[in-house]
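Numbering (the numbering used here), first residue to last: 954 to 1053. Before any comments, here is the structure.
Right, dumping it as structure tokens:
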């Protein structure tokens, strides 16, 4: 099976934890990250100010945060296909700080 490579070209924040992402193949989609922001890596992004610090890394073509959090651009591109399994994984990453 061939794994297509996508690159994030740009994004716009359209909600507290939602980004409209545009990819190099022209696809544009809104992704709400709220239900996957758990654990040591993604949990800090629940803070709207921290979430808003997102940038596009031009070298790897994906979204990155200063904390080191990032997402595979192929997952973002095909988010509707991956969201459910990503949410299940995120539930396992929850820490006590996430539920406060």
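For each residue, glycine too, the CB sits at the ideal point set by N, CA and C.
Would DSSP call residue 984 helix, strand or coil? Strand, per DSSP.
When we look at the beta-carbon of residue 958 and count the other beta-carbons within 10 Å, is it buried (16 or more) or exposed? Label assigned to residue 958: exposed.
Residues bridged to residue 976 by DSSP? Under the DSSP definition of a beta bridge, residue 976 partners with 961.
Proximal residues to residue 969 (C-beta, below 8 Å), its chain only, five neighbours per side dropped: Leaving aside the five residues that flank residue 969 on each side, the residues in its chain whose CB is nearer than 8 Å to its CB run, in chain order, 987, 1001, 1004.
For residue 1009, which of helix, strand or coil comes out of DSSP? Of the three classes helix, strand and coil, the one that applies to residue 1009 here is strand, per DSSP.
Take residue 999 and list the residues in its own chain whose beta-carbon comes closer than 7 Å to its own, dropping the five residues that flank it on each side. 990, listed in sequence order.
N-terminal and C-terminal residue of the beta strand (DSSP E) that residue 1016 is part of: That run of the beta strand (DSSP E) goes 1015-1017.
Shortest alpha-carbon distance to residue 976 belongs to which of 1040, 1027, 1018? The candidate whose alpha carbon is nearest that of residue 976 is 1027.
What does residue 1023 pair with, by DSSP beta-bridge criteria? Note: residue 1023 sits in a beta bridge opposite 1017.
So, under 8 Å CB-CB, residue 1075 and residue 995 are touching, yes? Tell me the CB distance rounded to an integer number of Å. No answer is possible for residue 1075: it lies beyond the span of the chain, which begins at 954 and ends at 1053.
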